[in-house]
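Residue numbers (numbering that gives the first Met the number 0): 0 to 35.
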Amino acid sequence: MSLETQVMELLKDAMRAKDEGTLRGLRAIKAEIIKA
Numbered sequence: 000m001s002l003e004t005q006v007m008e009l010l011k012d013a014m015r016a017k018d019e020g021t022l023r024g025l026r027a028i029k030a031e032i033i034k035a
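Laid out in structure tokens, this is it:
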């Protein structure tokens with residue numbers, strides 16, 4: 000499983016849990032992965 004896939008799965012879980020802090024962090028990580 001790639002890092003991007005893992006981040007996407009964690010994002011889905013955070014959205015379901017409505018965890019705003021985790022969502023912000025994971026979105027930032029995802030943005031940096033996409034830039035690379």
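Just so you know, even glycine gets a beta-carbon here, dropped at the ideal spot from N, CA and C.
Quiz prompt | Neighbourhood of K11 by C-beta, 6 Å cutoff - its chain only, sequence neighbours within 5 removed | solution = Mapped onto the sequence shown, residue 11 falls at position 12. Around K11: no qualifying Cβ.
Practice problem: Given a cut-off of 8 Å, decide if L25 and L9 are closer than it, judged by their beta-carbon atoms. | Solution: In the sequence shown, the residue the question calls residue 9 occupies position 10. In the sequence shown, the residue the question calls residue 25 occupies position 26. Yes, Cβ-Cβ distance for L9 and L25 is below 8 Å.
Quiz prompt | Beta-carbon proximity check, T21 vs A13, cutoff 8 Å | solution = Taking the sequence shown and counting its residues from 1, the one referred to as residue 21 is at position 22. Taking the sequence shown and counting its residues from 1, the one referred to as residue 13 is at position 14. A contact, by the Cβ cut-off of 8 Å.
Quiz item: DSSP on D18, reduced to helix/strand/coil?
Solution: Your numbering for residue 18 matches position 19 in the sequence shown. In this structure, D18 counts as coil in the three-state DSSP scheme.
Quiz item: In chain order, what residues of the same chain lie with their CB nearer than 8 Å to the CB of K29, ignoring the 5 residues before and after it?
Solution: Position 30 of the sequence shown holds residue 29. Here the set comprises E3, V6, M7, L10.
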